[in-house]
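*Asks:*
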Amino acid sequence: MPRTKLIAANWKMFPPPEGWDAMDSPYRATDDVDVMIFAPFVYLKTCVAAGLRMGAQCGHHEPTGAHTGCVSMAMIASTGCETVLCGHSERRRDQGETDEFVAAQAKAALTLGLFPIVCIGETANERSAGKAHEVIERQLRTVIDHLDVSQLATRNSQLAIAYEPLWAISGGDPTKPAAKPSDAQEMHAFIRSLLPEPIQKEMLILYGGSMKAENASELLSQPDVDGGLVGGASLKPEEFRAIVEAARTLEQP
Ligand code: PGA
């Protein structure tokens with residue numbers, strides 16, 4: 470089955486951009502391109518009620534408990550969200566999320582019928598030390614080994630990976646360059662080669678890190694780049710619309 474492109478907006482710790490709920494809002498999913506929005510918790514229910522396909526930016530694997538400040542996957546599912554980010558590098562950095570915690574998050578999300586998008590990526594230092602593949606393999610294997618792959622396969626691979634090299638994440642700097650399309654493709658192909666057979670061809674692998682209107686088409690046309698996880702550019706509605714349009718053009722026969 471061909472992989473339909475998915476463009477995901479990561480609004481990080483920002484409120485919904487102006488016009489987010491308009492009928493022609495670029496944040497609405499369309500027939501030919503999947504669009505999903507990751508917003509801070511307090512906006513999720515309102516955005517779901519307005520008809521957007523929403524996700525949380527993180528979640529705790531335990532259903533309830535003494536975890537001040539956390540929100541469980543069960544609670545996220547109860548808001549009408551469809552999806553959840555697991556292990557974004559800013560959470561690994563700020564909240565100390567480990568590979569094991571990320572794997573537990575993904576498992577809990579799947580159990581509750583949420584679609585986890587697991588973020589992996591290497592730092593600039595790891596890349597320059599020649600360790601990028603080792604880091605990616607470790608992060609990915611910890612998650613895959615934790616999951617019941619046969620269950621994933623029968624559910625048509627309802628898990629996605631987002632490759633987000635930390636050195637390419639904009640951090641709010643719109644001039645930061647993305648990874649070169651050929652470098653992104655090389656790592657995406659490597660990630661795909663590590664996936665177990667039943668889900669290898671079906672699983673979506675998104676690219677994240679300074680994707681914007683000017684580079685989306687070239688990045689998204691790489692054979693193993695199945696979509697984007699867009700941070701800074703997703704907060705500018707017309708720029709985000711252009712990225713979705715780039716994906717739509719590539720989906721045309
Ligand atoms: P960016 O963020 O598009 O601003 O680089 C991507 C992300 O952190 O998910």
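For the sequence shown, the numbering used here gives the first residue as 470, with consecutive numbering after it.
Even for Gly, the Cβ is constructed at its ideal location relative to N, Cα and C.
What does Asp695 pair with, by DSSP beta-bridge criteria?
*Replies:* Taking the sequence shown and counting its residues from 1, the one referred to as residue 695 is at position 226. DSSP lists no partner for Asp695.
*Asks:* Between the C-alpha atoms of Asn625 and Ile668, what's the straight-line distance to the nearest angstrom?
*Replies:* Here residue 625 corresponds to residue number 156 of the sequence shown, with the count starting at 1. Here residue 668 corresponds to residue number 199 of the sequence shown, with the count starting at 1. With a pLDDT of 48 at Asn625, under the threshold of 50, the predicted position of this residue should be treated as unreliable, though the coordinate-derived value follows. So the alpha carbons of these two residues sit roughly 8 Å apart.
*Asks:* Are the beta-carbon atoms belonging to Ala648 and Ala658 less than 8 Å from one another?
*Replies:* Here residue 648 corresponds to residue number 179 of the sequence shown, with the count starting at 1. Here residue 658 corresponds to residue number 189 of the sequence shown, with the count starting at 1. Cβ atoms of Ala648 and Ala658: not closer than 8 Å.
*Asks:* Run the proximity test for His657: is its beta-carbon closer than 7 Å to any non-hydrogen atom belonging to the ligand PGA?
*Replies:* As a first step, residue 657 must be located in the sequence shown, where it is residue number 188. No; taking the cut-off as 7 Å, the Cβ of His657 has no heavy atom of the ligand PGA nearer than that.
*Asks:* Is the number of C-beta pairs between the stretch 652-666 and the stretch 600-610 that are closer than 8 Å three or more?
*Replies:* Segments in contact, yes.
*Asks:* Tell me whether Leu521, by its Cβ, gets closer than 7 Å to a heavy atom of the ligand NAP.
*Replies:* The model depicted lacks the ligand NAP and carries the ligand PGA instead.
*Asks:* Using 7 Å as the cut-off, classify the Cβ of Met680 as near or not near the heavy atoms of the ligand PGA, replying yes or no.
*Replies:* One-based indexing of the sequence shown puts residue 680 at position 211. For the ligand PGA, at least one heavy atom lies less than 7 Å from the Cβ of Met680.
*Asks:* Flag this pair as yes or no: are the beta carbons of Gly524 and Thr552 separated by less than 8 Å?
*Replies:* To locate residue 524, count along the sequence shown from 1; it is residue 55. To locate residue 552, count along the sequence shown from 1; it is residue 83. Yes; because the gap between Cβ atoms is below 8 Å, this pair is in contact.
*Asks:* From the DSSP output, in three-state form, read off Ile605 for me.
*Replies:* Along the sequence shown, read from residue 1 onward, the residue named residue 605 stands at position 136. It is helical.
*Asks:* Can you find the residues in the same chain that come closer than 8 Å, C-beta to C-beta, to Ala715, ignoring five residues on each side of it along the sequence?
*Replies:* Residue 715 sits at position 246 when you count from the first residue of the sequence shown. Counting only Cβ-Cβ distances below 8 Å, and skipping sequence neighbours, we find Ala682, Ala685, Ser686 and Leu689.
*Asks:* Keeping to the same chain, check which residues put their C-beta closer than 6 Å to that of Arg497; ignore five residues upstream and five downstream.
*Replies:* Position 28 of the sequence shown, counted from the start, is the residue given in the question as residue 497. Nothing meets the Cβ criterion.
*Asks:* Enumerate, from N- to C-terminal direction, the unbroken alpha helix (DSSP H) stretches of 4 or more residues contained entirely within the stretch 667-692.
*Replies:* The qualifying runs are 682-689.
*Asks:* Applying the 10 Å Cβ sphere with the 16-neighbour rule, what's the burial state of Phe570?
*Replies:* Walking along the sequence shown from the start, residue 570 turns up at place 101. Classification of Phe570: buried, given that the 10 Å Cβ count is 16 or more.
*Asks:* For Pro585, which three-state DSSP category applies?
*Replies:* Locating residue 585 in the sequence shown gives position 116, where the first residue counts as 1. Strand, per DSSP.
*Asks:* With DSSP as the reference, label Arg624 as helix, strand or coil.
*Replies:* As a first step, residue 624 must be located in the sequence shown, where it is residue number 155. Bear in mind that a pLDDT of 49 at Arg624, under 50, signals an unreliable position, so the number given afterwards is only what the model happens to contain. In this structure, Arg624 counts as coil in the three-state DSSP scheme.
*Asks:* Verify whether the separation of the beta carbon atoms of Lys474 and Asp503 is less than 8 Å.
*Replies:* Along the sequence shown, one-based indexing puts residue 474 at 5. Along the sequence shown, one-based indexing puts residue 503 at 34. Yes, the pair counts as a contact, with Cβ atoms nearer than the cut-off.
*Asks:* Is any heavy atom of the ligand PGA found at a distance shorter than 7 Å from the C-beta of Ile506?
*Replies:* In the sequence shown, residue 506 corresponds to position 37, counting from 1. No, the beta carbon of Ile506 sits no closer than 7 Å to any heavy atom of the ligand PGA.
*Asks:* Find out if the Cβ-Cβ distance for the pair Tyr416, Ile586 is shorter than 8 Å.
*Replies:* The structure shown does not extend to residue 416, since the chain is modelled only from 470 to 722, so the question has no answer here.
*Asks:* If we ignore side chains and look at the alpha-carbon of each, how far apart do Leu581 and Thr611 end up?
*Replies:* Position 112 of the sequence shown holds residue 581. Position 142 of the sequence shown holds residue 611. For Leu581 and Thr611, the distance between alpha carbons rounds to 20 Å.
*Asks:* DSSP state of Thr533, grouped into three classes?
*Replies:* For the purposes of this step, residue 533 is taken as the residue at position 64 of the sequence shown. Three-state DSSP puts Thr533 in coil, outside helix and strand.
*Asks:* Given Val517, which residues of its chain have a CB within under 8 Å of its CB, disregarding the five upstream and five downstream residues?
*Replies:* Along the sequence shown, read from residue 1 onward, the residue named residue 517 stands at position 48. Cβ neighbours of Val517 beyond the five flanking positions: Met523, Thr548, Gly549 and Cys550.
*Asks:* Within 10 angstroms of its Cβ, does Lys576 collect 16 or more other Cβ (buried), or is it exposed?
*Replies:* Translated into positions along the sequence shown, residue 576 becomes position 107. Buried, since its Cβ has 16 or more Cβ neighbours within 10 Å.
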